[in-house]
Amino acid sequence: MTSRPAPEPPLPVEEPERLAVRVTCRACGRPLHDPESRLLRYGPGCRPGTDPVRRHDVDQDALPGL
Ligand SMILES: [Zn+2]
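Residue numbers for the sequence shown follow my numbering, beginning at 40 and rising by one.
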């Protein structure tokens, strides 16, 4: 006589809730996927305080003697 233990029922697979929550950009309304943008609620190009196309022109003096 062999007695085998009854197989345990498989645990239900649950999706992580934070991944299911849809976060959209507050500026343009596009869905955000990367954690940093989701945290800020702004897309990479819509964050306030940052200017992605900012160029700083620095006046450089010509080196003397060249
Ligand atoms: Zn945006």
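Glycine is no exception: its CB is placed at the ideal position from the N, C-alpha and C atoms.
Asked	Found
So, residue 67 versus residue 88, is the Cβ gap smaller than 9 Å?	no
Any residues whose CB sits closer than 5 Å to a heavy atom of ligand 1? List them in chain order?	64, 66, 67, 82, 85
Quick test of your reading: residue 62 and residue 77, contact by CB under 8 Å. State the CB separation rounded to the nearest angstrom.	4 Å
Specify the secondary structure class of residue 70 as computed by DSSP and reduced to three states.	strand
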